[in-house]
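Q: Before we start, here is the structure in question, set down as structure tokens.
There are 2 protein chains.
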Amino acid sequence: MRAEIVAVGTELLLGQNLDTNTAHIAERLAANGIDCTHQVCVGDNLARIADTFRLALARSDAVICTGGLGPTQDDITREAMAEVAGVPLERNPEAVALVEAVFAARGRHMSPSNLRQGDVPKGATIIPPRLGTAPGLIVPVGEQVIYAMPGVPEEMAEMLERVVLSDLRRRSGDHAVIASRVIRTWGLGESALAELVTPRFDALEHAGPSAPTIAFLASGMEGIKIRLTVKAGDAATALAALDAEEAQLRTLLGPLVFGTDEETMEQAIGKLLLGRSLHLALAESFTGGLIAARLVGVAGASQYFCGGIVAYDSAIKHRLLGVPAGPVVSAEAAITMADGICSLLGAEVGLATTGVAGPDPQDGEVPGTCFAAIALPDRPTEAVALRLSGTRQRIREIGTISALDALRRRLLDATP
Amino acid sequence: MRAEIVAVGTELLLGQNLDTNTAHIAERLAANGIDCTHQVCVGDNLARIADTFRLALARSDAVICTGGLGPTQDDITREAMAEVAGVPLERNPEAVALVEAVFAARGRHMSPSNLRQGDVPKGATIIPPRLGTAPGLIVPVGEQVIYAMPGVPEEMAEMLERVVLSDLRRRSGDHAVIASRVIRTWGLGESALAELVTPRFDALEHAGPSAPTIAFLASGMEGIKIRLTVKAGDAATALAALDAEEAQLRTLLGPLVFGTDEETMEQAIGKLLLGRSLHLALAESFTGGLIAARLVGVAGASQYFCGGIVAYDSAIKHRLLGVPAGPVVSAEAAITMADGICSLLGAEVGLATTGVAGPDPQDGEVPGTCFAAIALPDRPTEAVALRLSGTRQRIREIGTISALDALRRRLLDATP
């Protein structure tokens, strides 16, 4: 089974919007074992959209299209599909009712132009919207098919998972269940991580077609992801295979793993703090609020996160955190800051960062010279040296996840 | 003149990387008056890349291609271009010397596989790399042309500006100068802004072909951008037209404008503070470090930014900032926080935020109920109510730029 992705929208051709839908669909197709050899973007032009669909159907079994399903005159994906399928547009009562219901639920008046969204190619199946107002469409073209979804990323992603992927897999005659899991890591680069995982690559290669596959995905501040994908006869078997492989990888990777699937570093830390009834305070220098911003991004963070100080000016480090006069880019300064913020905010756990983000050196230290210190109850406060490189932005971002990871490691080590 | 954009890379087809190059090139083509009707992504497959080039040249005058220029076996853009141009690959001494020089400068050993980067289609012009190791190529195909650039975004963008856009415009026979300027605004939505600018749309419509064009570009936390583009016989005339139109827009928009081109809100504030020799301290609650992170992102921020407190736990607001016991989501609490942070950190200017980011209500207030307060020397401290909506993330982000903008407005009002 091969599917081609088509993004429709003049705003994309003009570079006014970045198309994130195509990459999302591509990733989901790959995870579902569906090939994709071409991705195309075309503007709001009937002849060009129709030509693009025809070409796509000449080289693939299915087209997955996003955009151009709205109510305005430049939303012409419906017309293009009808032309390619060789059928007329028909006002579809189900589609009209869906659009009317969305307006009624929001207490808004529906203008007649919105009825355009009820005109669909004859023979099409409606995909009811759950998040937006535009219905999706499944349009048969002979033995082939065009799926059309709205361009709004959340609306598209929801329809893709709920309807399109399973319909595609049903058409492909593939009744196996495909499941995947992401193992999230920090602490090693992609190649060192791959080396560590070599025994599993070797084992899986000889384990037959139902063994999971392993793929790496570097994701900047979100760490390096290891995606496991498995195909099995039923969901329970797939889940068991993922569980077994995750256990194998965790044995190899140990504390490099900080979470699975959507679990972020800051959520992992929140869990550890909650489980130990500890409260965290921050003293940030070169990370300048980035660590706080990530922690506050988690709903419910107030249960374990007190707050912190952005001690950007050295005077604040001296005055509020007790750092002695002199250079402030050192392990000693970081340790004093971590202890100082615990006292100041009445927290049991302190995380402090100090360092040179650049572009200029500070206190004779080159950009990238950075320290993180962690204060924990009943343990000596310790600092780790972070040797970072790159732009000011990159040093601050990699410093942020590295400092959070240092805290996570120390919390793991500490007896609960 | 019409150009088609082709992105090469199996990692893009698998959704492992998000292609940002295409949108960047598209935007620059539009700004240079070059049409683009199709954008295509294809994997590392010789026949498919060559077919994609042939199709693109059948409907456009030029192809701009990114990716597949590296040294490994799956980098086959060079081979595909040679095939389409009907010429052999030749080892090019200039290209070899460029690649060797890059390795020598980095003190790294060059493996023989890197010599592949010196094999280019006969008749191609080399684009020397300035930021990376891979040379770009200009490959003539009869009267048409394929430009190939590396896939690394910064390397690509640099070559695009330095060589590709001007070469395209030269080929198009268009010797006019195209220049553009971005006017950056905050405070009104896109439609209200467009309404305010209506007199300029009307005036420009009747001003002839050398008048600037105006386009809007909503950019989230970076504000709403107004892009002016002008085409003139020479650079001085273009610049004068941009200056004149910017002046007209500034008259209409007044303090809604916070900067031009790459100038961010935080840079605009930095300039105002520096010009008035003032120092800023922050007390952030629901924005939780986001404001600090943006200010610290500017190199040299230490000249005007002291630091701040992330007063996430209400106890910190009470204890360190002097907020009286009771509800903390109010204009009064914000004002006390702004005054408190000035005293605590010895700053002349204080910016404080308090509010409900959600998803749950707090102190009986619904998510989105937020306040920002600004303390300035010799003025009463004032708070503004921000009524925000959306997800927790959106409330925090829009709250951040709104609070910064409130500070900017107050600094503008204050006599220097």
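Chain order of the listed sequences is V and C. Take the first sequence: its letters are residues 7 to 422, numbered as in this note's numbering. Take the second sequence: its letters are residues 7 to 422, numbered as in this note's numbering. Even glycine gets a Cβ: it sits at the ideal position worked out from N, Cα and C.
If you follow the alpha helix (DSSP H) that Ile64(C) is part of, which residue opens it and which one closes it?
A: In the second sequence, the residue the question calls residue 64(C) occupies position 58. Sequence inspection shows Ala at residue 64(C); the Ile mentioned does not correspond to that position. It spans 52–65 - the alpha helix (DSSP H) in which Ala64(C) sits, taken as one unbroken run.
Q: Give me the residue from Glu33(C), Ile404(C), Val355(C), Arg393(C) with the minimum Cα distance to Val188(C).
A: Here residue 188(C) refers to the residue found at position 182 of the second sequence. Of Glu33(C), Ile404(C), Val355(C), Arg393(C), the residue nearest in Cα terms is Glu33(C).
Q: Please state whether the Cβ-Cβ distance between Arg398(V) and Pro365(V) is less than 8 angstroms.
A: The residue you call residue 398(V) lines up with position 392 of the first sequence. The residue you call residue 365(V) lines up with position 359 of the first sequence. Yes; because the gap between Cβ atoms is below 8 angstroms, this pair is in contact.
Q: What separation, rounded to the nearest whole angstrom, lies between the Cα atoms of Ala337(V) and Val302(C)?
A: The residue you call residue 337(V) lines up with position 331 of the first sequence. The residue you call residue 302(C) lines up with position 296 of the second sequence. Cα-Cα distance, rounded: 21 angstroms.
Q: In terms of alpha-carbon separation, which member of Gln150(V), Gly148(V), Val102(V), His181(V) lies closest to Thr139(V)?
A: In the first sequence, residue 139(V) corresponds to position 133, counting from 1. Checking every option, the nearest Cα to that of Thr139(V) belongs to Val102(V).
Q: Just how far apart, CA to CA, sit Tyr253(V) and Leu95(C)?
A: By one-based count along the first sequence, residue 253(V) stands at place 247. By one-based count along the second sequence, residue 95(C) stands at place 89. The sequence shown places Ala at residue 253(V), rather than the Tyr named in the question. Going by the C-alpha atoms only, they are around 50 angstroms apart.
Q: Helix, strand or coil: which one does DSSP assign to Lys128(V)?
A: To locate residue 128(V), count along the first sequence from 1; it is residue 122. In this structure, Lys128(V) counts as coil in the three-state DSSP scheme.
Q: Whose Cβ in chain C lies nearer than 8 angstroms to the Cβ of Val316(V)?
A: Working through the first sequence from its first residue, we reach residue 316(V) at position 310. Result: Leu288, Gly295, Ala298, Val302, Gly313, Gly314, Ile315, Val316.
Q: Is the distance from the Cβ of Thr186(V) to the Cβ of Ala37(V) below 8 angstroms?
A: Counted from its first residue, the first sequence places residue 186(V) at position 180. Counted from its first residue, the first sequence places residue 37(V) at position 31. It should be pointed out that residue 186(V) corresponds to Ser in this sequence rather than to Thr. Taking 8 angstroms as the Cβ cut-off, Ser186(V) and Ala37(V) qualify as a contacting pair.
Q: Just how far apart, CA to CA, sit Pro333(V) and Val372(V)?
A: Sequence index remark: in the first sequence, residue 333(V) carries index 327 (1-based). Sequence index remark: in the first sequence, residue 372(V) carries index 366 (1-based). When rounded, the distance between both Cα atoms is 13 angstroms.
Q: Would Cys376(C) and Thr359(C) be called neighbours here (beta carbons separated by less than 8 angstroms)?
A: What you label residue 376(C) is simply residue 370 of the second sequence in a count that begins at 1. What you label residue 359(C) is simply residue 353 of the second sequence in a count that begins at 1. Yes, these two residues count as a Cβ contact at 8 angstroms.
Q: If we count the other Cβ atoms within 10 Å of its Cβ and call it buried at 16 or more, is Ser291(V) buried or exposed?
A: Taking the first residue of the first sequence as 1, we reach residue 291(V) at position 285. That one is buried.
Q: Between Asp319(C) and chain V, is the shortest Cβ-Cβ distance under 8 angstroms, so that the two count as touching?
A: What you label residue 319(C) is simply residue 313 of the second sequence in a count that begins at 1. Output row for Asp319(C): interface = yes.
Q: Under 8 angstroms by Cβ, that's how I've got Ile297(V) and Thr131(V) pegged, so tell me the actual separation to the nearest angstrom.
A: As a first step, residue 297(V) must be located in the first sequence, where it is residue number 291. As a first step, residue 131(V) must be located in the first sequence, where it is residue number 125. The Cβ separation is near 48 angstroms, so there is no contact.
Q: Tell me, please, whether the CB atom of Glu269(C) is closer than 8 angstroms to any CB atom in chain V?
A: Here residue 269(C) corresponds to residue number 263 of the second sequence, with the count starting at 1. Not an interface residue.
Q: By alpha-carbon positions, which one of Ile40(V), Cys47(V), Cys42(V) ends up nearest to Asn23(V)?
A: Walking along the first sequence from the start, residue 23(V) turns up at place 17. Nearest C-alpha to Asn23(V): Cys47(V).
Q: In the DSSP output, what is Lys237(V) paired with across the bridge?
A: If you number the first sequence from 1, residue 237(V) lands on position 231. BP columns for Lys237(V) point to Ile184(V).
Q: From the beta carbon of Leu52(C), is the nearest beta carbon of chain V less than 8 angstroms away?
A: On the second sequence, residue 52(C) is found 46 positions in, with the first residue counted as 1. Chain V contact via Cβ: absent.
Q: Scan the region 71–124 of chain V and note each continuous beta strand (DSSP E) run of 3 residues or more that stays entirely inside, going in chain order.
A: Listed in chain order, they are 95–97.
Q: On the premise that Gly193(C) lies in contact with Asp345(C), defined as a C-beta separation below 8 angstroms, what is that separation, rounded to the nearest angstrom?
A: Translated into the one-based positions of the second sequence, residue 345(C) becomes position 339. Translated into the one-based positions of the second sequence, residue 193(C) becomes position 187. Not quite, the Cβ-Cβ distance comes to about 25 angstroms (not below 8 angstroms), so this is no contact.
Q: Ordered along the chain, which non-local residues of its own chain (more than five positions away) have a Cβ less than 6 angstroms from that of Val145(C)?
A: Here residue 145(C) refers to the residue found at position 139 of the second sequence. Excluding residues within five positions, the ones whose Cβ falls inside 6 angstroms are Met87, Ala91, Pro127, Ala130, Ile152.
Q: Taking Gln273(V) and Gly265(V) to be in contact with their CB atoms under 8 angstroms, please state how far apart those CB atoms are, rounded to whole angstroms.
A: Stepping through the first sequence from its first residue, residue 273(V) is reached at position 267. Stepping through the first sequence from its first residue, residue 265(V) is reached at position 259. About 7 angstroms; that satisfies the 8 angstroms criterion.
Q: What do you get for Ala289(V), buried or exposed, if any count of 16 or more other CB atoms within 10 angstroms of its CB means buried?
A: Translated into positions along the first sequence, residue 289(V) becomes position 283. Buried, since its Cβ has 16 or more Cβ neighbours within 10 Å.
Q: Any beta-carbon of chain V closer than 8 angstroms to the one on Ala32(C)?
A: Stepping through the second sequence from its first residue, residue 32(C) is reached at position 26. Yes, Ala32(C) lies at the interface with chain V (some Cβ there is under 8 angstroms from its Cβ).
Q: Excluding five sequence neighbours on each side, which residues of the same chain lie with their C-beta closer than 6 angstroms to the C-beta of Gln45(C)?
A: On the second sequence, position 39 is the one that residue 45(C) refers to. Only Ile11, Thr28 meet the Cβ criterion.
Q: I need the boundaries of the alpha helix (DSSP H) containing Leu199(V), first residue and last residue.
A: Within the first sequence, residue 199(V) is the residue found at index 193, counting from 1. Its alpha helix (DSSP H) spans residues 196–211.
Q: Would you identify the three-state DSSP class for Ala389(V), choosing helix, strand or coil?
A: As a working mapping, residue 389(V) is identified with position 383 in the first sequence. Three-state result, Ala389(V): strand.
Q: Just the Cα atoms here: how many angstroms apart are Gly157(C) and Glu196(V)?
A: For the purposes of this step, residue 157(C) is taken as residue 151 along the second sequence, with counting starting at 1. For the purposes of this step, residue 196(V) is taken as residue 190 along the first sequence, with counting starting at 1. So the two alpha carbons sit approximately 19 angstroms from each other.
Q: Quick check: the Cα distance between Gly356(V) and Leu279(V), rounded to an integer number of angstroms?
A: Translated into positions along the first sequence, residue 356(V) becomes position 350. Translated into positions along the first sequence, residue 279(V) becomes position 273. If I take the Cα positions, the gap works out to 12 angstroms.
Q: Any C-beta of chain C within less than 9 angstroms: which residues of the region 249–262 of chain V qualify?
A: Those residues of the region 249–262 of chain V that come within reach of chain C (Cβ to Cβ, closer than 9 angstroms) do not exist; the list is empty.
Q: Assign Asp135(C) to one of two classes, buried (16 or more other C-beta atoms within 10 Å of its C-beta) or exposed (fewer than that).
A: For this step, residue 135(C) is matched to residue 129 along the second sequence. The amino acid occupying residue 135(C) in the given sequence is Pro; Asp does not appear at that position. Per the 10 Å Cβ criterion, buried.
Q: Beta-carbon within less than 7 angstroms of Glu106(V)'s beta-carbon, same chain only, minus the 5 sequence neighbours each way: which residues are those?
A: One-based indexing of the first sequence puts residue 106(V) at position 100. Result list for Glu106(V): Met116, in chain order.
Q: Strictly below 8 angstroms CB to CB, what residues from chain C border Gln273(V)?
A: Indexing the first sequence from 1 puts residue 273(V) at position 267. Ordered by position in chain C, no residue passes the 8 angstroms Cβ test against Gln273(V), which lies about 14 angstroms from the chain.
Q: From Leu351(V) to Ile230(C), what distance separates their C-alpha atoms?
A: The residue you call residue 351(V) lines up with position 345 of the first sequence. The residue you call residue 230(C) lines up with position 224 of the second sequence. Roughly 39 angstroms separates the two Cα atoms.
Q: Output yes or no for whether 8 angstroms exceeds the beta carbon distance between Leu392(C) and Arg416(C).
A: Here residue 392(C) refers to the residue found at position 386 when the second sequence is read from its first residue. Here residue 416(C) refers to the residue found at position 410 when the second sequence is read from its first residue. Their beta carbons are not under 8 angstroms apart, which means Leu392(C) does not touch Arg416(C) by this criterion.
Q: Got a sec? Which residues, its chain only, sit under 8 angstroms from Cys312(C) by beta carbon, not counting five neighbours each side?
A: Along the second sequence, one-based indexing puts residue 312(C) at 306. Closer than 8 angstroms at Cβ, skipping near neighbours: His285, Leu286, Ala287, Leu351, Gly352, Ala353.
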